[in-house]
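Okay, so the sequence shown: first residue is 17 according to my numbering, each after it adds one. In this text, a Cβ means the ideal position worked out from N, Cα and C, and glycines have one as well. Report on the following structure.
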Amino acid sequence: MTRSHLFYQSRQRRPVLDQARGVYMWDVDGKRYLDGSSGAMVCNIGHSNERVLEAMRRQMEKSTFGYRLQFETEASERLAARTAALCPDGINRVFFVSGGSEAVESAMKLARQHALAIGQGTRWKVISRTPSYHGCTLGALAITGYAPLTDPFAPMMREMPKVPAPRAYLDGLDPDDPATGAHYAAQLEACILAEGPDSVLAFIVEPVGGASTGALVPPAGYMEGVQAVCRRHGVLLILDEVMTGAGRTGRFLAGEHWDMDPDIIVLSKGFAAGYVPLGAIAARDGLVEAVLDGGGFLHGFTYAGNPLACAAGAAVIDEIEAQGLVANAARMGGALRARLDGLMDRHAIIGDVRGRGLLLAMEFMADRDRKTPLPAHLNVHQRIVDIAFDMGLIVYSRRTRDGLEGDHIMVCPPLIVTETHLDEITQTLDAALA
Ligand code: PMP
């Protein structure tokens, strides 16, 4: 291979991608991969969906860019309306960006401007959880609870308060007992009280944890509990649905599993399904009105809301609905979960299998009963990713325990998967684990 001018995370070179169709990808040497992670939990409707490509071609023939402060476009209006219709009642205002980190930044700045507009300028702290991941920009990193990614930048950003993610399985608590959810919600309330409620702007949470926790499903009573705590103290509730949204967990929004009523919803990844860089925030009507009345939203990115991105986004939602992919995620998620549970019976290294819909993960442990992590230097999560990749299966991995130790892989294929694909995923994982 000739010298590359690219640089990303490390010096490691990756195979060169040639084509991708449906759940499969091919490199330039003709090797085929089953995309068991949808990229990074992005390609929810599969690769090269012809109807999305056609919608993009049609839009490209008309216009590819219109600066949002100069023009509205049919595409951005249509996507905003489609998005609002899929959000809870009262959330009808949509703001576009080009990715998840930009969307998280936008949610934080909208919340801050709302506080200023309603005379609550003392509120600026955004509480989040450890572990969590909310993006790579400095604002989003300040609310990310994942030490290896945040520590090197500590002097450059203001550290925000964190509460523990509700990892009942590590704390020896029963996830089905509502007292468990209440226990973790009380930790949020204690944090708000310790910080001083008048200084706290918002709490941001992923309804089902993403890569940092390995698909952590909150215990019974947790989501309702944190919502009640936020309401009690005038703290805005932000749901980060970057990974969970667009059908991934078997509902269009994961917040629907608990009938949540947030103030701001953050979307990206599956929202554009890998076709274009696109993200959005959807916010409560009154919140946006107050900000607009207060002088306007002082925020925006040049490429945001461009017609090509919005046309693709609207076509993605059309496809999710036309193919019934939310229901398929629920159905195939159940079927994949059963297969992963079966692998757990065969491989002692699997300490836990968890998730919702097609946001599934397995955590590897030295001792399943004691929940002891494997020695970090063995890098088990990375080795399993690499072995599976060589065998033609793509999965995604991270360190489970605050980024410091613990190993998990995410098994999150596109929502178009069939039982045959699930068999292929399971057989390859079985061989990789062996
Ligand atoms: N929030 C969550 C929950 C995410 O999973 C991610 C990306 N992994 C982000 C925000 C940041 O998104 P992006 O990488 O598109 O900036």
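- request: Using the DSSP secondary-structure output, state which residues sit across from residue 180 in a beta bridge.
  value: Stepping through the sequence shown from its first residue, residue 180 is reached at position 164. For residue 180, which the question treats as bridged, DSSP gives the partners 146.
field: Collapsed DSSP secondary structure at residue 130 in the structure displayed
entry: Here residue 130 refers to the residue found at position 114 of the sequence shown. Three-state result, residue 130: helix.
task: Compute the minimum distance between the beta carbon of residue 363 and the heavy atoms of the ligand PMP, and state whether it is under 7 Å.
output: As a first step, residue 363 must be located in the sequence shown, where it is residue number 347. Answer for residue 363: no, Cβ out of range of the ligand PMP.
query: Heavy atom of the ligand ZN less than 7 Å from the Cβ of residue 45, yes or no?
result: The ligand ZN is absent from the structure shown, which contains only the ligand PMP.
Cα-Cα separation, residue 22 to residue 116: Position 6 of the sequence shown, counted from the first residue, corresponds to residue 22. Position 100 of the sequence shown, counted from the first residue, corresponds to residue 116. Each residue's Cα considered, the two are about 22 Å apart.
- request: Check each candidate in 321, 75, 185, 443 and name the one with the smallest Cα separation from residue 355.
  value: Within the sequence shown, numbered from 1, the residue matching residue 355 stands at position 339. Looking at 321, 75, 185, 443, the one whose alpha-carbon comes closest to that of residue 355 is 443.
Spatial neighbours of residue 186 in its chain, beta-carbon cut-off 6 Å, leaving aside the 5 residues before and after: As a first step, residue 186 must be located in the sequence shown, where it is residue number 170. Same-chain partners within the cutoff: 387.
task: May I ask whether a heavy atom of the ligand PMP can be found less than 7 Å away from the beta carbon of residue 181?
output: On the sequence shown, residue 181 is found 165 positions in, with the first residue counted as 1. Answer for residue 181: no, Cβ out of range of the ligand PMP.
- prompt: With C-beta atoms as the reference, is residue 292 less than 8 Å away from residue 255?
  reply: As a working note, residue 292 is residue 276 in the sequence shown. As a working note, residue 255 is residue 239 in the sequence shown. Not a contact, by the Cβ cut-off of 8 Å.
- prompt: By Cβ distance, which residues of its chain are closer than 8 Å to residue 114, with the 5 residues on each side in sequence left out?
  reply: As a first step, residue 114 must be located in the sequence shown, where it is residue number 98. Here the set comprises 293, 294, 295, 317, 319, 320, 325.
message: I want to check one thing, is the minimum distance from the CB of residue 54 to the heavy atoms of the ligand PMP below 7 Å?
response: Position 38 of the sequence shown, counting from 1, holds the residue named residue 54. For residue 54, the shortest separation between its Cβ and any heavy atom of the ligand PMP does not lie below 7 Å.
- prompt: Per the contact definition of three or more C-beta pairs closer than 8 Å, is the stretch 211–218 in contact with the stretch 230–238?
  reply: By the Cβ test, the stretch 230–238 is not in contact with the stretch 211–218, since fewer than three Cβ pairs between them sit closer than 8 Å.
Residue 376 vs residue 353 beta-carbon contact at 8 Å: Counted from its first residue, the sequence shown places residue 376 at position 360. Counted from its first residue, the sequence shown places residue 353 at position 337. Yes, they are a contact pair.
query: So residue 200 is in the alpha helix (DSSP H); what residue range does that whole segment cover?
result: Here residue 200 refers to the residue found at position 184 when the sequence shown is read from its first residue. Here the alpha helix (DSSP H) through residue 200 covers 194–211.
Unbroken stretches of the beta strand (DSSP E), 3 residues or longer, contained in the stretch 241–300: Fully enclosed beta strand (DSSP E) runs of 3 or longer: 252–256, 280–283, 295–300.
Close beta carbons around residue 44, own chain, < 7 Å, minus the five adjacent residues each side: Taking the sequence shown and counting its residues from 1, the one referred to as residue 44 is at position 28. For residue 44, same chain residues with a beta-carbon under 7 Å away, outside a window of 5 residues either side, are 32, 34 in chain order.
field: Boundaries of the alpha helix (DSSP H) in which residue 333 is found, first to last residue
entry: In the sequence shown, the residue the question calls residue 333 occupies position 317. In this chain, the alpha helix (DSSP H) harbouring residue 333 covers 323–338.
- prompt: At a cut-off of 7 Å, is residue 149 close to the ligand PMP when judged by its beta-carbon and the heavy atoms of the ligand?
  reply: The residue you call residue 149 lines up with position 133 of the sequence shown. Here the distance from the Cβ of residue 149 to the nearest heavy atom of the ligand PMP is below 7 Å.
task: Could you name the residues that DSSP lists as bridge partners for residue 63?
output: For the purposes of this step, residue 63 is taken as residue 47 along the sequence shown, with counting starting at 1. Partner residues in the beta bridge of residue 63, as assigned by DSSP, are 38.
message: Helix, strand or coil, according to DSSP, for residue 433 in the structure here?
response: As a first step, residue 433 must be located in the sequence shown, where it is residue number 417. When DSSP states are grouped into helix, strand and coil, residue 433 belongs to the coil group.
Per DSSP, the bridge partner or partners of residue 376: The sequence position of residue 376 within the sequence shown is 360, counting from 1. Assignment of beta-bridge partners to residue 376 by DSSP yields 371, 427.
message: Applying the 10 Å Cβ sphere with the 16-neighbour rule, what's the burial state of residue 380?
response: Here residue 380 corresponds to residue number 364 of the sequence shown, with the count starting at 1. With a 10 Å radius around the Cβ and a threshold of 16 neighbouring Cβ atoms, residue 380 comes out buried.
message: Using C-beta distances below 6 Å, list every residue in its chain close to residue 184, excluding the 5 sequence neighbours before and after it, in chain order.
response: Numbered from its first residue, the sequence shown carries residue 184 at position 168. The beta carbon of residue 184 sits closer than 6 Å to those of 191, 196, 235, all from its chain and outside the five residues before and after it, given in chain order.
- request: Please specify which runs of the alpha helix (DSSP H), each continuous and at least 4 residues long, are wholly inside the stretch 61–120, giving them in chain order.
  value: Segments of the alpha helix (DSSP H) lying fully in the stretch 61–120: 66–78, 90–102.
- prompt: Heavy atom of the ligand PMP less than 7 Å from the Cβ of residue 277, yes or no?
  reply: By 1-based counting over the sequence shown, the position of residue 277 is 261. In this structure, residue 277 has its CB at a distance of at least 7 Å from all heavy atoms of the ligand PMP.
- request: Return the first residue and the last residue of the alpha helix (DSSP H) that residue 402 is part of.
  value: Start at 1 with the first residue of the sequence shown, and residue 402 comes out as number 386. Here the alpha helix (DSSP H) through residue 402 covers 396–406.
query: Under 7 Å from any heavy atom of the ligand PMP, does the C-beta of residue 116 make it?
result: As a working mapping, residue 116 is identified with position 100 in the sequence shown. Correct: residue 116 has its Cβ closer than 7 Å to the ligand PMP.
- request: Determine which residues share a DSSP beta bridge with residue 319 and list them.
  value: The residue you call residue 319 lines up with position 303 of the sequence shown. In the DSSP output, where bridge partners are listed per residue, residue 319 has none listed.
task: Please classify residue 383: does DSSP put it in a helix, a strand, or coil?
output: Reading the sequence shown from its first residue, position 367 is the one you call residue 383. In the structure shown, residue 383 adopts extended strand secondary structure according to DSSP, grouped into three states.
- prompt: Beta-carbon separation of residue 329 and residue 287 under 8 Å?
  reply: The sequence position of residue 329 within the sequence shown is 313, counting from 1. The sequence position of residue 287 within the sequence shown is 271, counting from 1. Yes, these two residues count as a Cβ contact at 8 Å.
query: Is the stretch 150–159 in contact with the stretch 330–346, if contact means three or more CB pairs nearer than 8 Å?
result: No contact exists between the stretch 150–159 and the stretch 330–346.
Simplified DSSP state of residue 215, which is helix, strand or coil: For the purposes of this step, residue 215 is taken as residue 199 along the sequence shown, with counting starting at 1. Per DSSP, reduced to three states, the secondary structure at residue 215 is helical.
- request: Measure from the alpha carbon of residue 85 to the alpha carbon of each residue in 410, 314, 124, then state which is nearest.
  value: Here residue 85 corresponds to residue number 69 of the sequence shown, with the count starting at 1. Nearest of 410, 314, 124 to residue 85, Cα basis: 314.
message: With DSSP as the reference, identify every bridge partner of residue 33, one or two as the case may be.
response: Counted from its first residue, the sequence shown places residue 33 at position 17. Beta-bridge annotation (DSSP): residue 33 is paired with 43.
- request: Could you say which of 76, 104, 75, 132 lies nearest to residue 311 if we only look at CA atoms?
  value: Within the sequence shown, the letter at position 295 stands for residue 311. Closest by alpha carbon: 132.
query: Which of the three DSSP states, helix, strand or coil, is assigned to residue 413?
result: Within the sequence shown, residue 413 is the residue found at index 397, counting from 1. Secondary structure at residue 413: strand, using DSSP grouped into helix, strand and coil.
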